[in-house]
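Take a look at the structure set out below.
Now the structure itself:
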């Protein structure tokens, strides 16, 4: 190369004095270098020392960038530079010069310093522009030497002079000598700069971290971020956007009015997917067709490019940061981003903790409220206070599963909620649905309930959704109510948003409350039932009959027993009919006691004893307020007799209208309380009794034929006492024993005469008459033998006979009456208790009458 | 044009950078040494600004299966994302002939993932799949040596000189993207033990070669023809003998 004037080999040996000078200067320079702190100081000191020996105008150091093989200014002595006022100076300071051109290649490949005459090299192709700039300001020569680091050129020292011939051999020799030292100093400066810049970064991040550590809310965070980021000079603007709850949008931190920016806008999604900060060129993105509004507004604000970096905590994106910055300092940006991420994550966690605490406190309060609840109105009040007042939630409906496990009845609903709707809510709400109803079954089957979006449901044609829509709330939450793991119902809540914790808490509390209320209601029911049963028991204890046994072993009664034992086990309705006082209730109880229902109390209703207008409420019960005077709910006899037996005595005396209702209950096996809305299923065994001839009553139109057939499924006819005279003696003995015990007398026997007298009586009042009769006789007896009875004569007997219908001849009447009396007197014709005595004719007369009328023993001993 | 060569200071990278510069392009030799790191993203955005072409010759600094996969995934993702942002018009990556046939190897799995990332990125691309380099032969022999014996499987081999690789890569880089695969190989095809044997002989290496039929290459199971191009491939100009002579000169 022409420009190279003095190859190293030609350098002459230096004079001794010069060597000494050089040695001293190097020593001084060495000391200088160790004290250098600012990079340009090095050049000033270097110039000062060299200038003490040689003349030159100024010097600079350039560094090579191997990444693209360019070199650029590093150390500049602007004060002494003759070109500092050159129009190109500022540009030259920041320019980069290609390493692949002959001028600098010459320096690169030379072993020592090389001198160039500017005039000769500056216009050669590829020559760097700074040569001409210097020349234009009077510089004539330049001495170039490479600076080496680890065996590789790291840069150059340029020494310029405006005097030709300034760079003597000695000068070059000195430069060659100090070049390594200079290289070392420059490397140190580079290292120092790196360390310093890292130090600055670190202290910035440390300060930033300190500022953010105290932050508890998003507002505080925004203030802290602003304070720190404003310290970065190159940062022209920034936005920090945090992810919204919906997971698809972000909103600016620090903005009062939260605009929501969709993440998938072609920019933000790229940032969130990139682990490294991304540099965006606004024009390029607009060209690409990214049409987001903020891109345009940033361009109007004068940004050309900006950096996007995601905020991330672990594997979770929290948001992103947009920075109006032209260069990407990865360490700093990532440092900032991670600090902000931690702060945001902390705030979110903090907010969650606070929210959770609030929710828990809230649930605790609710739970306290619930604990006090005993009735439905209490619950309604508590729910509306909590849901409406605190949660901006509307209770649409609570439905509970009925005891049958199939139907789901409305338990509670908010009437006001649907005040504006045109739907007949009363009608809709009282319609019973079943657990199979699609929405109900889905909710019951779900673990934690289901969320129905009102809009979506509306579109899919859900009829309920029209109702929901009127509230303006966004979601319907359908949740199962469970006590333990048993479904007890569903709750329907309308709200924009509810947390899982709250939902779960509310549901379990309400479940408990409902379970409590229902248990309470049941308890009250049981209590009432027990009270009624108790009253019955007391009543029964007071009755004169001892039900434990029925006395009578005669043929007629044997037939009754046979029928009873046939029917007792079944649920068949039994109609007991017989004359008054024959013991129909006794038979009914005996049937009940022999049936599987015996563990429960038989319920008795005397239809004749009830006023017609009360029969209905007595039998079926009534709701509170069903009619005037119905101040409390009353359980009817049918309900009371559920799973037991209902004994309807004197059924023949029941008014016709009541018969209709009774018929319905018998047919459907379910009833409605007076004033009640729901039907109640009952399982009742019916035993009815009458002393009337029901068939005749039906014929006379006083008894419903259909009811008669229903009741007359299994008739048992009780024989009258006069049909079973053989039972009179045991019955009499039984009553004597009973009443002598009651009165404290010791009657042990009944005189045979008395027995005979008893047998001869017709007993129109049957066993009851006998009992009363004996009671009176016992009271009148003084000894230990009942030897006198006072059988009524005349009136009753005659009346009894007069009641016998017939259109028979006198002889027939006479004959049958004599047979009848003989039968009662067990065939005894004359003497005490004999037929003659009753007929008040002499015994012989009776004998002859019998002969005349052809009455023989078989007539009055034959069974009927 | 402005071209960024990732891995621009490596074996192929240095040559490609030089060739591209010779063609007059503005080339940035990117590597962690020159301050451009595809893993951390350091310097990447600045380097790629206004870049037309990116040539990715980077190799994983570690060889453990999981680490290699992570390297190619992270680097690939970062690089392509930055390229999209910078509006790069051609992405060229150097891959390996038979990469899809040698999925027993963790390294090959990672390279295939890298290829897939490129194919899905939307950036116009060319994937240059090269056979093994002649420069690898010594390493192949060394890793298969036990005592004085070299155990090498008898698989087909068609190595290419690094110089030729650089030439092909350079040519492909400045041409428009083909959005597909270009295969390159050396001019000679022989069984692998034959190449190793010739190399050892030429370098006076006393080790003895024992070929086997295990289909083993660097510990991975491969097919007999996995390492050679199946169809049309561009063949390098430097034959094995020529290459060896130049190497020996270089050594001496």
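Residue numbers (the working numbering), protein chains in the order written: chain A, 766 to 1629; chain B, 480 to 731.
In this text, a Cβ means the ideal position worked out from N, Cα and C, and glycines have one as well.
Self-check item: C-alpha distance - residue 842(A) paired with residue 825(A), whole-angstrom precision
Solution: Position 77 of the first chain, counting from 1, holds the residue named residue 842(A). Position 60 of the first chain, counting from 1, holds the residue named residue 825(A). About 6 angstroms.
Quiz item: Along the chain, where does the beta strand (DSSP E) that runs through residue 1422(A) open and close?
Solution: Within the first chain, numbered from 1, the residue matching residue 1422(A) stands at position 657. Here residue 1422(A) belongs to no beta strand (DSSP E); instead the alpha helix (DSSP H) covers 1421 to 1433.
Exercise. Starting from residue 505(B), find everything on chain A with Cβ-Cβ shorter than 9 angstroms and list it in chain order.
Key: For the purposes of this step, residue 505(B) is taken as residue 26 along the second chain, with counting starting at 1. Per Cβ cutoff of 9 angstroms: 833.
Quiz item: Counting only beta-carbon atoms, is residue 502(B) nearer than 8 angstroms to chain A?
Solution: The residue labelled residue 502(B) in the question sits at position 23 within the second chain. By this cut-off, residue 502(B) is not an interface position.
Quiz item: Using 8 angstroms as the limit for Cβ to Cβ distance, is residue 520(B) near chain A?
Solution: Within the second chain, the letter at position 41 stands for residue 520(B). Chain A contact via Cβ: present.
Quiz item: DSSP on residue 1387(A), reduced to helix/strand/coil?
Solution: Taking the first chain and counting its residues from 1, one reaches residue 1387(A) at position 622. Residue state, collapsed to three classes: strand.
Quiz item: What do you reckon, is the C-beta of residue 1137(A) under 7 angstroms from a heavy atom of the ligand NAD?
Solution: In the structure on display, the ligand NAD does not appear, and there are no ligands present to speak of.
Quiz item: Does the segment 603 to 612 of chain B come close enough to the segment 513 to 531 of chain B that 3 or more CB-CB pairs lie under 8 angstroms?
Solution: no
Quiz prompt | Integer Cβ distance of residue 533(B) from residue 504(B), believed to fall under 8 angstroms | solution = As a first step, residue 533(B) is located in the second chain; it is residue number 54 there, counting from the start. As a first step, residue 504(B) is located in the second chain; it is residue number 25 there, counting from the start. Not really, about 12 angstroms apart at Cβ, beyond 8 angstroms.
Quiz item: Going by the CB atoms, is the gap between residue 1456(A) and residue 1340(A) shorter than 8 angstroms?
Solution: Here residue 1340(A) refers to the residue found at position 575 of the first chain. Here residue 1456(A) refers to the residue found at position 691 of the first chain. Cβ atoms of residue 1340(A) and residue 1456(A): not closer than 8 angstroms.
Quiz item: Below 8 angstroms, can you find three or more Cβ-Cβ pairs linking the segment 1194 to 1209 of chain A to the segment 1240 to 1250 of chain A?
Solution: yes
Exercise. Could you tell me whether the segment 796 to 808 of chain A touches the segment 831 to 838 of chain A, using the rule of 3 or more Cβ pairs below 8 angstroms?
Key: no
Quiz item: Counting contacts by CB-CB distance shorter than 8 angstroms, is residue 1092(A) in contact with chain B?
Solution: The sequence position of residue 1092(A) within the first chain is 327, counting from 1. Yes, residue 1092(A) counts as interfacial toward chain B.
Quiz item: Taking Cβ to Cβ, would you say residue 1368(A) is nearer than 8 angstroms to residue 1411(A)?
Solution: For the purposes of this step, residue 1368(A) is taken as residue 603 along the first chain, with counting starting at 1. For the purposes of this step, residue 1411(A) is taken as residue 646 along the first chain, with counting starting at 1. Yes, the pair counts as a contact, with Cβ atoms nearer than the cut-off.
Self-check item: Whole-number beta carbon distance between residue 1282(A) and residue 1140(A), since they are thought to touch under 8 angstroms
Solution: Position 375 of the first chain, counted from the start, is the residue given in the question as residue 1140(A). Position 517 of the first chain, counted from the start, is the residue given in the question as residue 1282(A). Confirmed, about 6 angstroms.
Quiz prompt | Same chain only: Cβ atoms within 8 angstroms of residue 1623(A), ignoring 5 sequence neighbours per side | solution = Residue 1623(A) sits at position 858 when you count from the first residue of the first chain. Result list for residue 1623(A): empty, nothing under 8 angstroms.
Practice problem: Per DSSP, which residues does residue 881(A) bridge with? Please list them. | Solution: For this step, residue 881(A) is matched to residue 116 along the first chain. Answer is 907(A).
Quiz item: In the segment 592 to 622 of chain B, which residue ranges form an unbroken alpha helix (DSSP H) of at least 4 residues, counting only runs that do not cross its ends?
Solution: 616 to 622
Practice problem: Tell me, please, whether the CB atom of residue 523(B) is closer than 8 angstroms to any CB atom in chain A? | Solution: Position 44 of the second chain, counted from the start, is the residue given in the question as residue 523(B). Closer than 8 angstroms: yes.
Practice problem: Would you mind working out which of 652(B), 608(B) and 581(B) sits nearest residue 634(B), comparing C-alpha positions? | Solution: As a first step, residue 634(B) must be located in the second chain, where it is residue number 155. Per the Cα distances, 581(B).
Quiz item: Alpha carbon to alpha carbon, what distance is there between residue 1612(A) and residue 1618(A)?
Solution: The residue given as residue 1618(A) occupies position 853 in the first chain. The residue given as residue 1612(A) occupies position 847 in the first chain. Rounded to whole angstroms, residue 1618(A) to residue 1612(A) spans 10 angstroms at the Cα level.
Practice problem: Please name the residue or residues paired with residue 504(B) in a DSSP beta bridge. | Solution: Looking up residue 504(B) in the second chain gives position 25. In DSSP, residue 504(B) forms no bridge with anything.
Quiz item: So, helix, strand or coil for residue 1017(A), using DSSP?
Solution: Residue numbering aside, residue 1017(A) sits at position 252 when the first chain is read from its first letter. Residue 1017(A): strand per DSSP, three-state reduction.
Quiz item: Would a check of beta-carbon distances place residue 566(B) closer than 8 angstroms to chain A?
Solution: The residue given as residue 566(B) occupies position 87 in the second chain. Taking Cβ atoms only, chain A reaches closer than 8 angstroms to residue 566(B), which makes this a yes.
Quiz item: Would the segment 689 to 702 of chain B and the segment 616 to 635 of chain B be scored as touching if the rule is three or more Cβ pairs under 8 angstroms?
Solution: yes
Self-check item: Three-way DSSP call (helix, strand, coil) for residue 1263(A) in this model
Solution: Your numbering for residue 1263(A) matches position 498 in the first chain. In this structure, residue 1263(A) counts as coil in the three-state DSSP scheme.
Exercise. Could you tell me which uninterrupted alpha helix (DSSP H) segments, each at least 4 residues in length, are contained entirely in the segment 491 to 578 of chain B, listed from first to last along the chain?
Key: 523 to 527 and 544 to 565
Quiz prompt | Contacts of residue 865(A) in chain B (Cβ-Cβ under 8 angstroms) | solution = Position 100 of the first chain, counting from 1, holds the residue named residue 865(A). Residues of chain B passing the Cβ test: 500.
Quiz item: What span of residues does the alpha helix (DSSP H) with residue 925(A) cover, start to end?
Solution: Along the first chain, read from residue 1 onward, the residue named residue 925(A) stands at position 160. From DSSP, residue 925(A) is part of no alpha helix (DSSP H) but of the beta strand (DSSP E) over 917 to 926.
Quiz item: Is the segment 560 to 577 of chain B close to the segment 639 to 659 of chain B, with three or more CB pairs under 8 angstroms?
Solution: yes
Quiz item: What separation, rounded to the nearest whole angstrom, lies between the Cα atoms of residue 975(A) and residue 661(B)?
Solution: Here residue 975(A) corresponds to residue number 210 of the first chain, with the count starting at 1. Here residue 661(B) corresponds to residue number 182 of the second chain, with the count starting at 1. Going from the Cα of residue 975(A) to the Cα of residue 661(B) covers about 55 angstroms.
Practice problem: Note down the Cα distance separating residue 1044(A) from residue 1089(A), rounded to an integer number of angstroms. | Solution: Along the first chain, one-based indexing puts residue 1044(A) at 279. Along the first chain, one-based indexing puts residue 1089(A) at 324. So the alpha carbons of these two residues sit roughly 10 angstroms apart.
Practice problem: Identify every residue that forms a DSSP beta bridge with residue 1082(A). | Solution: As a position in the first chain, residue 1082(A) is number 317, starting the count at 1. According to DSSP, residue 1082(A) bridges with 1077(A).
Quiz item: What do you get for residue 1402(A), buried or exposed, if any count of 16 or more other CB atoms within 10 angstroms of its CB means buried?
Solution: By one-based count along the first chain, residue 1402(A) stands at place 637. Burial call: buried.
Quiz item: If you check the beta carbons only, do residue 665(B) and residue 711(B) fall under 8 angstroms apart?
Solution: Residue 665(B) sits at position 186 when you count from the first residue of the second chain. Residue 711(B) sits at position 232 when you count from the first residue of the second chain. No, these two residues do not count as a Cβ contact at 8 angstroms.
Exercise. Flag residue 515(B) as yes if its beta-carbon sits less than 8 angstroms from any beta-carbon of chain A, otherwise no.
Key: One-based indexing of the second chain puts residue 515(B) at position 36. Output row for residue 515(B): interface = yes.
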